[in-house]
Amino acid sequence: MRRFLRYYLDLRNGRRVPYRHQISPLDFPDLLGIVFLYEFDAASQDFYIRLAGEQIAQMLRTARAGAKLSEVFPADVFPIVLERYRRICLTPCVMHNVGQVFRYLGGTGTGERIAMPLLGEDGEPGYFLGATTYSLAHDHGPGDDDTPVRITYTPL
């Protein structure tokens, strides 16, 4: 995750947020399975998936390019996730999660997620790029299922 964050920070070239067109999958081929890219649609107040790596798609079965966030997450979870993701773009900030990153979807493992805003061609932060690592838990210790996800937002 640190290397992915460093890649992102280096793209800024003195700006708070880099442009989407600056991102090249060739720069992080070994991470493509865990990378995702979402685009915010102001009209529908929803995000569209533009890229979901193979490991992301395994955890979120309906995550595919062109799908809306509201189609991927259950109705009771969608508002929570939407608010988190909107915050990334609107602040703009880097979001970092550690713990049960798929807890709202019934996930029992732990992982780490980072998500960072990107500017569209109009110069507005309407995208975000992220990556999630995840390890399924097979043998739980006492209290493991209750471990919350720790979320931090770092303004740019």
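Going left to right, the sequence shown walks through residues 191 to 346 as our numbering numbers them.
Positions of the beta carbon are idealized from the N, C-alpha and C atoms, including for glycine.
Quick caveat, the model's predicted, so the values are computed rather than measured.
So what's residue 213 in DSSP terms, helix, strand or just coil? By 1-based counting over the sequence shown, the position of residue 213 is 23. It is coil, neither helix nor strand.
Residue 199 versus residue 278: straight-line alpha-carbon distance, rounded: Taking the first residue of the sequence shown as position 1, residue 199 is located at position 9. Taking the first residue of the sequence shown as position 1, residue 278 is located at position 88. Roughly 15 Å separates the two Cα atoms.
Is the beta carbon of residue 228 less than 8 Å from the beta carbon of residue 309? The count along the sequence shown starts at 1 and reaches residue 228 at position 38. The count along the sequence shown starts at 1 and reaches residue 309 at position 119. No. Outside cutoff.
Which complete alpha helix (DSSP H) runs does the stretch 195-249 hold, if anything under 4 residues is left out? 244-249
To the nearest angstrom, how far is it from the Cα of residue 275 to the Cα of residue 218? Against the sequence shown, residue 275 aligns to sequence position 85. Against the sequence shown, residue 218 aligns to sequence position 28. Residue 275 and residue 218: Cα-Cα distance of roughly 22 Å.
For residue 288, which of helix, strand or coil comes out of DSSP? On the sequence shown, residue 288 is found 98 positions in, with the first residue counted as 1. Strand.
I'd like to check one pair, residue 226 with residue 259: are the Cβ atoms closer than 8 Å? The residue labelled residue 259 in the question sits at position 69 within the sequence shown. The residue labelled residue 226 in the question sits at position 36 within the sequence shown. Not a contact, by the Cβ cut-off of 8 Å.
Spatial distance of residue 398 from residue 316 (CA atoms): Because the chain spans 191 through 346 in this model, residue 398 falls outside it and cannot be assessed.
Would you mind giving the Cβ-Cβ distance between residue 284 and residue 346, rounded to the nearest angstrom? I have them listed as a contact below 8 Å. For the purposes of this step, residue 284 is identified with residue 94 of the sequence shown, where counting begins at 1. For the purposes of this step, residue 346 is identified with residue 156 of the sequence shown, where counting begins at 1. Residue 284 to residue 346, Cβ: 7 Å. Contact.
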